[in-house]
Structures are given as structure tokens and as C-alpha cells.
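The next block holds one structure in the form of C-alpha cells; read it before the comments.
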Amino acid sequence: MAWVNAIIQGVLIGGLYALFACGLSLMFGVMKVVNLAHGDLAVVAGYLAIGVIAVIHIPVLWSFLIVVPLMALLGYVMQRTILQGALDRSVLTTLMVTFGLSVVIENGLLQFFTANSRAIGTGLALVTGSFTIGSQIQIGYLPLVIFLVAVVVLLGLQYFLSASRYGRLIRAVADDKEAAQLAGADYRHVFGIAAAIAFGTVALAGIAYGMYSQLAPTTGTDTILLFAFAAVVIGGLGSLWGTLLGGVVLGVAQQIGAQISLSDELLAGFIVFLAVLVLRPQGLISRGAQS
Amino acid sequence: MSLATESTARSAGRFRVARSRRNVAWTGAVALIAVVVLALFPYIVYSGTTAILVQAFIVLTLASMWNLLAGYAGLVSVGQQAFVGLGAYFVLILAINGISPFAALPFAAIGCGVAALPLWWLVSRLRSGYFAIATWVLAATVMLIIEKFSSIGGGTGMPLPGFAGMDPALLTAYTYWAGLAVTVVALAVIYLLLRGRLGLVLTAIRDDEVAARSSGARVGLARMLVFVVAGAGCGAGGAVLAISQLQVQPGAVFSVQWTAVMAFATIIGGLGTIEGPIIGTVVYMVLQQTLASYNAWYLIILGLVAIFVALFARRGLWGLVDARINVRLFPVGYWLRVDSERPRRLALPRRG
Amino acid sequence: MSENGGRPESRTPLLEVRDLVVHHGQLRALDGISLRVLPGEVYAIIGANGAGKSTLLRTIAGLHHPTEGSVLFDGTDVTGLRPERRAGQGIVMVPEGRRLFGSLSVEENLQVGAAYARQGPWTIERVYEMFDWMRERRKQLTAQLSGGEQQTVALGRALVANPRVLLLDELSLGLAPVVVQRIYGMLQQILATGLTVLLVEQDVSQALRVASRIQCLLEGRTTLEGRPADVTADQVEAAYFGLAGAAGASQPENGSEP
């Protein structure tokens, strides 16, 4: 039964991974930017939440309402300034700049908060409580809630992209930003919106992760960025549901790895990721290699 | 005649393409003198200074390799720490088996070059952003795998054997010379590679990959060669690191900080020029020494400066110098000589 | 120069280009081009591949920045305006190769075109009236349409923005002659709503049929300018190919009125 529980746990946490991944996927799909600082942003959001709760003494769930919009705004600003500047130079520049940001953020967090990891205490039974199905299957409340929230957010994002005006603009700009300009759309503004969404979703996921697990300055790159990227790779680029599937596969692989040997959780995930790279790199192959 | 044919006919008589300017002989001599002087350092300076210089040599080697990858081949790798670590561990494994770490150094470099081949196979088809993250994942995976072997120290690492009974001053000197040798060889290899066919192929790829392929350039081979050389070079750097630290710890040798350091040094110094990493290394060492090694500040400042340079001064510090005095210490490009005009440099291979 | 056919001597051009010099890197793609497009007319730019026709249109649309010279719209200098701002003013281009949003449906393409539209007679509904097949297949992804269908959707996308000047870049490219005829046939309907058209066309006979004035480019320079009725086939050929000794050809003076 431990295996069944592990798989269920993996599925639930896969929702969180998918939430981490959708921002990365969006930024790449629309702006062609691989944001190497993506994971660190989640950690920043987590630390912000901790800070806000400590200073204003609000309930944990309210911290979402403050931090997520704040991070979304930060995303818009960063995209319009630094990232657009890098994009105008070259793809290589965006990689170097986002890598630089990642290092600066991590070392900044290290400097101000020490290397110790922290968790976001909820003080609710939510965190540790669970319910049982039948006699053996145990499902934690927190993972379940996180999974449901992730699915709702992904559904909302899917709807936004397919049915709203800005969603259409985002998809149009992703297809052909020059043609979008000719139609009157300022693609820099649209990029900003996409970045805002990416930063917002990753902030949401980061705070949730802080409640579910621990956050340390290096968590952004040690775990989150790789999870997000792995989920995108496994599920294939371009589809939010693919990202959810990728997240679930990753989560399950990790839990199975943990069942085999506790220290192999990370390794199992990486190996699955590498296997997918070798066997099924659709959407990731450079154009030159396809000919 | 159309305007195009007319002007071409007129120009053909006036232009000549030359390899390099006269000052190459001078810079070559200066470089040789510099190396000789540096080699004498263990006799003239304190061991504290040589230790700092060894660090500088490691950083310069690594930065030159990263520059080769990103500045010339357009491959932004954030996983080079895999090779740094592998180089260190090659030395450790050989030392455990009785071979002197200094003798092990060249084998470590070669071993890393060989190890680069399967890794290249895994990532070579990926687009730039995914290539970057994939190299990062690979490095993390390599570290996790190595940590499983307790015979080489497991997760905590172990001291490097093979120095028992060695005179400390001699050890310092040998370490220094190893670092100097690695750096000189690395720069020489890079210079010769870029000056030759590979440099041409890389420029062609950068300008128009499809055209390069169709005119016969072995694009994939060129990139693979660069990746292998960079792997070997970073491995050599890692080997020197192990020797200078007298121990090998996975967290330290596989740390992504190494990529941060080599990337920032290259960007600040000047991406796409051989001289750039030299300047970048100087900047890095100055910052590191003034802000103390284990403080996170120098990385923060370095990172911010690198971001600024990448956005606003793309050719780095060397680019600022180069624009004014128009000199190349390592001439790998071509000059266009126009009769009755000052020679004008043709576009040189550069990235970013 | 030929007679002006009864038009007032100094009508204000809706779109004007003055001594435009545009570079692609080190290549001088346009070398001192001038033209004036009057309201309500169809002005055609012809020339061989690489002559600079598309570059000219793209510069007018704002996608290229000229090294020298200026673009004026309704008397105002718009040379520094970004492409989306120009579209907002009423300069809308149908780019070469259609450039539809492949992952969007026909209707969504039109909706994007209408997102920043000016006030005017054109709506998505009106486009459906003009091309009724579009109404039936409006949910279809544009990547699945034929070349001719894509071209009409691209045209529709530009129309719903309610342009004042419509820039058409190589409408006939890759399309069967029958299809091309049909599309150009609709030009009259479009013009009737008060639009002005500046088009680039490789098909010289087609251009001569629809245009009220033409200009021929060769290697970035103007080699011929005038009304179709006033130029002979020989003159056009000479201007098009740059043959020396184009005797009797009306040599252009920059910025001349018809």
C-alpha cells in the first residue's frame, strides 16, 4: 500500500510542479526566454510571504493576496526593462542576464537570511492533517488542496489564453510579433503581461511549496528550476495540460525513487528527465539538427 | 553595367586581405617574457601571493573555456562545473591508486575531454535555452552519482593523498607551476584553434548556420570539438583546484558558483575575445580579495556588474579598450587593407 | 512630364516619402526614394527581386528605421513612430507572405486585427459579408487554409483595423493567377470605402491594370515614375531591368507631381 500512497502523493505534488512549470513554459513560448532565475523567483515569493506574515501578522492565506500580485507587477516591470533589453540584444544575452539574476538573487538571500531553510507555518491542521480512504490509503489535506488549486489555476490560465482578448494577443505575439505590431499591438506590453502571469504563478507555487516543504536560498536552482524544466520537457512544450502531465510524471517518479531509497528522490527525477531528453525531445531540438 | 558590378570591379583592385598586423611579433615576445617572469614567482614572492595567483590561474582557465563555448560557439553552458568536479575527482581517484596528483593532471584533462563526448550526445540537439538548463541538470546528476561512492569520499569528500612528506615550499611551488602550465597551455590551445580552420567555421556558423552547412562546414563537429576542449580545459582547472585545496569535496568542486565565476569574468572582461577573460579574471580577483572569499557580496556585485555589462557594454572591458586602441594580443581575425587608407578590421568572430 | 488629367496641382498627399535612405547592415537597400500617394488613389511600386520594394513598404510601416529621409502621413512626420502607433494612426500593412497567426483561427486573426482598430466602416461582420466562405470556416486554424484563402484573411485582418492607407506587399506571391485576379477584383470594393492603397507587386501587368500611378525601383533607386497610361511597355522593361539607353523614358524627378 505504501506504493499506492506514494503514487497518489506523486500525482498531487505533480500539480505543484506543473504550477512551477507553466510560467517557464509561457515565457519561453511567448518571448523565447528561458528564465534561469525562474526557480529563484518562487523562493523570493516564499521569503516575501514569510516576511510579510512576520511584519503584519496576517493569516498565511492572506499572504498570497499580497505577494502574488506584487510579484506579478515585478514581472511586468522586469520584462519591460531588463529582460526586454536582453532580448533586444540576443538569445545568449537573455541567458546570461537571467543566469546573473539567479546568482544575484541566491547570494542576496544567502547574505540576508543565512543558508538555513525555512518553512511557512500555517498553524492550521491543514498542513499535517490527512484523511483516509478505505483502510490503507492516506491523503494529506495540504497536497490535495495544492493540487486542486493548481488545477484551477491552470484551467483559468487555459481559459484566459483561449477566450480573452489579451490571451489572443499573447498567442498572436507568440506566433508572429511583427505581424502583431502591424495589427496595432505593442508586443513589449504583451510580453510584460505574459511575464506578469509567469511571475505570479511561480510566486503562488513558491509560497505553496514553502508550506508543503522547506525553502532555502539555493532551493530555487537545486530543486525548483529543475522540477519546472523537467515537467515542461516531459510533458512537451506548448500545452498546459502537457505540463500538468509532465508534473505528475515527475512527481510520481520522485516518490517511487524515494520508496526505493530515500536519498534517491532527486536522482530519480533527474534520470527520468534525462531519459526524456534522449528519447523524446520534441520541441526542444534546434532547427539545424532537424534537417 | 549595373551599379553592383561597377563598384565591385573598382574595389577588387584596391583591397587586400591580410592575416595580422605587424605588432604580433611584439605581443608574442611580451607574452613570452610575461610567462617567464611568472614562472620565476615562487622564487621571488611569498607563498600567500602564489596561492592567490593559483586561484587566478584556475579562474582564467575556466573563463577562457566558457568564453570559447559562449563567445565563439554560441553555446551557453551553465553546467561546466560538472567538468571542474570531474577533473578534481579524476585526480583523486588516480592519487588514491598511487599516482602523484601532478602526474595525474594531464590524465584528468584528457579524461574530462573523453567524458564530454557522451554528455555532448545527450545535449547537442537542444536549443540554446534548453541546452543551458540541460547542462545544469547534467552537472547536478553527475554530482549526485559521484556522491554515492563512499570510497572517494561520498557526500562529504576526502583529503587528496599523494603529498605525504613533501616539503611545503616545494608543494606550493609545484602547485603554482601546475596552475601556470595549465593556463598557458589552455590559452595556447584556444589561440591556435581559433586562428585555424575552427575559427573560420565558427564565424561562418555564427553568421549563417544554414549557409555554413551547405558550403561544407562540419557544424556539428565544430561545436562538439569546442565542447570537448572546454570540458578538458575545465577538467584541468578542476584538477589544479583539487591540488591547491589538498582535498576534494563534492559540494565545493561541483558548485554552480564555478559557472557563475567563469561566466561573469568572461562577460565583464569581454565575451568573444581571447583577451577578455584575462581582464575579467583580474576584476574577479580584485573583487574577491577586497571583499573576502566566503562572503556572498562579491558574487552579488560581480553578478550585477555582469548583467549591466551584458546589457549596456556588450563587448566588455576589453571591448572598450579595443575600440580605442585597436590592438589584438591574440590575433585570430583578418584585416582588410585598403590602399591609401588605414587598415580596417573585418568582423571578427564574436558572440552575444 | 505628362498632364495631370485635370486634378488640382497641389493636392495634399496622404502618404509621403522624402529622400528615403535605408540600410540593411552595410547594404544600401534604398537610395533616396521619394513618393507621394494622394487620397483615394492606388499607387503601385514595381521592380525586380531585391530592388527594395518590400523594404520601402516595411519602412513606411515602421518595421525599418531609415538612415536618412522621412515618412509623412497626412502632413505629419511619422518617421520616429513605432509600427503599432502607425497602425493606430491608420497606416496598416498586409505583409509579404501573409504572416497570419498560424495557431489562431480565422476569426481570432480578425479579432486581433480589430483589437486596436480605429473607428470606421469596417467590422468583422463586414469582412464576412465580403468573403462569405470565411463565416462558415471562421473557427478553422489559418494554417489549414489555402494560399488564396490565407491572403484574403490577411486582407480582412488589415481591413478591420479601419486603415486610411492600406499597404499591400506582394499580394500575388505564391498564388494562382485566377486567385490573384479575384483578390485584385475586390480592390475596387475596398477603395469605395475611402481607402488609399500603396501596393508592391512583382506582377507588372497586374500592377499596371489596377494602379493610377506607378514607380519602378531598381537596386534601391527610382527608375521610372508616372501613370500607366503614359508609359510604354518598353519604358517599363528598361526601367525594370536597368537597361541602358531607355530612350524617351520619363525620367523621375524626386517628389514630382503627376
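The listed protein sequences derive, respectively, from chains P, B and V.
First residue of the first sequence? That's 67 in this note's numbering, and the numbers climb one at a time after it.
First residue of the second sequence? That's 6 in this note's numbering, and the numbers climb one at a time after it.
First residue of the third sequence? That's 20 in this note's numbering, and the numbers climb one at a time after it.
Every residue gets a Cβ at the ideal spot worked out from N, C-alpha and C, and that includes glycine.
The structure displayed is predicted, hence computed values, not measured ones.
Per-residue contacts from residue i into chain P (C-beta, under 8 Å)
{"i": "Q130 (chain V)", "result": "R231, R234"}
{"i": "P114 (chain V)", "result": "E244, A245, L248"}
{"i": "A36 (chain B)", "result": "Within 8 Å Cβ-Cβ: nothing; A36 (chain B) doesn't reach chain P, min ~29 Å."}
{"i": "Y135 (chain V)", "result": "A249, G250, A251"}
{"i": "S107 (chain V)", "result": "Per the sequence shown, the amino acid found at residue 107 (chain V) is Gly instead of Ser. In chain order: G250."}
{"i": "T146 (chain B)", "result": "L333, F336, I337, L340"}
Per DSSP, cross-strand counterpart(s) of residue i
{"i": "I64 (chain V)", "result": "V:V219, V:Q234"}
{"i": "E35 (chain V)", "result": "V:R55, V:L91"}
{"i": "Q204 (chain P)", "result": "P:T198"}
{"i": "D212 (chain B)", "result": "None, per the DSSP bridge assignment."}
{"i": "V41 (chain V)", "result": "V:L49"}
{"i": "E244 (chain V)", "result": "V:Q234"}
{"i": "L186 (chain V)", "result": "V:M112, V:L217"}
{"i": "L160 (chain V)", "result": "V:S124"}
{"i": "D242 (chain P)", "result": "Paired residue(s): none; D242 (chain P) is not in a bridge."}
{"i": "R184 (chain P)", "result": "P:L281"}
Sequence-distant residues of the same chain with beta carbon closer than 7 Å to residue i, five excluded per side
{"i": "G167 (chain B)", "result": "A100, S105, P106"}
{"i": "L210 (chain P)", "result": "L78"}
{"i": "V40 (chain B)", "result": "V189"}
{"i": "L306 (chain P)", "result": "C88, L220, L223, Q224"}
Proximal residues to residue i (C-beta, below 6 Å), its chain only, five neighbours per side dropped
{"i": "V233 (chain B)", "result": "G118, A121"}
{"i": "A235 (chain B)", "result": "M70, L73, L74"}
{"i": "A262 (chain P)", "result": "A138, G141, Y142"}
{"i": "A144 (chain B)", "result": "G84, Q86, A87"}
{"i": "G184 (chain B)", "result": "V59, F62, V245"}
{"i": "A238 (chain P)", "result": "A246"}
{"i": "F165 (chain P)", "result": "L102"}
{"i": "V96 (chain B)", "result": "P106, A109, A113, A244, A247"}
{"i": "L262 (chain V)", "result": "none"}
{"i": "Q254 (chain B)", "result": "G162"}
Where residue i meets chain P, residues with beta-carbon distance less than 7 Å
{"i": "W302 (chain B)", "result": "Q177"}
{"i": "E103 (chain V)", "result": "Q247, G250, A251, D252"}
{"i": "L292 (chain B)", "result": "What L292 (chain B) touches in chain P: nothing, since even the nearest Cβ is about 13 Å away."}
{"i": "R319 (chain B)", "result": "R155"}
{"i": "Y203 (chain V)", "result": "Ordered by position in chain P, no residue passes the 7 Å Cβ test against Y203 (chain V), which lies about 21 Å from the chain."}
{"i": "G79 (chain B)", "result": "L158"}
{"i": "D180 (chain V)", "result": "The sequence shown places Ala at residue 180 (chain V), not Asp. Those are A249, G250, listed as they occur along chain P."}
Same chain, Cβ closer than 8 Å to residue i, neighbours up to 5 away in sequence not counted
{"i": "A355 (chain P)", "result": "Unreliable positioning characterises A355 (chain P) in this predicted model, as indicated by a pLDDT of 32, which lies under 50. A coordinate reading is not provided."}
{"i": "V198 (chain V)", "result": "G166, G167, Q170"}
{"i": "A216 (chain B)", "result": "A209"}
Minimum Cβ-Cβ distance from residue i to chain P less than 8 Å
{"i": "R202 (chain B)", "result": "no"}
{"i": "R176 (chain V)", "result": "yes"}
{"i": "L353 (chain B)", "result": "With a pLDDT of 46 at L353 (chain B), under the threshold of 50, the modelled position of that residue is not reliable, and the figure given next carries that caveat. Judged by the 8 Å Cβ criterion, L353 (chain B) is not in contact with chain P."}
{"i": "D82 (chain V)", "result": "Position check: residue 82 (chain V) holds Leu in this sequence, whereas Asp was assumed. Yes - at least one Cβ of chain P is within 8 Å of the one on L82 (chain V)."}
{"i": "L309 (chain B)", "result": "yes"}
{"i": "V64 (chain B)", "result": "no"}
{"i": "E127 (chain V)", "result": "yes"}
{"i": "V97 (chain V)", "result": "no"}
{"i": "G243 (chain B)", "result": "no"}
{"i": "L246 (chain B)", "result": "no"}
Minimum Cβ-Cβ distance from residue i to chain B less than 8 Å
{"i": "F265 (chain P)", "result": "no"}
{"i": "T285 (chain P)", "result": "no"}
{"i": "G174 (chain P)", "result": "yes"}
{"i": "V100 (chain P)", "result": "yes"}
{"i": "F257 (chain P)", "result": "no"}
Residue i: contacting residues in chain V (beta-carbon distance under 7 Å)
{"i": "A238 (chain P)", "result": "F120, L123, V131"}
Where residue i meets chain B, residues with beta-carbon distance less than 7 Å
{"i": "G151 (chain P)", "result": "L316"}
{"i": "F339 (chain P)", "result": "V142"}
{"i": "L332 (chain P)", "result": "L149"}
heavy atom of the ligand ADP below 7 Å from residue i C-beta
{"i": "Y196 (chain B)", "result": "Looking at this structure, you won't find the ligand ADP or any other ligand, since it has none at all."}
Chain-ordered neighbours of residue i on chain B, where CB pairs are closer than 9 Å
{"i": "M97 (chain P)", "result": "Those do not exist, as M97 (chain P) stays about 11 Å from chain B at its closest Cβ, beyond 9 Å."}
Cutoff 8 Å: residue i Cβ touching any chain V Cβ
{"i": "D288 (chain P)", "result": "no"}
Proximal chain P residues relative to residue i, where beta-carbon distance stays under 9 Å
{"i": "V111 (chain V)", "result": "L248, A249, G250"}
Within chain V, partners of residue i - CB distance below 9 Å
{"i": "D106 (chain P)", "result": "Correct list: empty, because the minimum Cβ distance to chain V is about 31 Å."}
Going along the chain, which unbroken runs of the alpha helix (DSSP H) with 4 or more residues stay wholly within the stretch 291 to 324 of chain B?
302 to 317, all fully within the stretch 291 to 324 of chain B.
Any chance you could list the alpha helix (DSSP H) runs of at least 4 consecutive residues sitting entirely within the stretch 125 to 168 of chain B, in chain order?
Entirely contained in the stretch 125 to 168 of chain B, the alpha helix (DSSP H) runs reaching 4 residues are, in chain order, 133 to 151.
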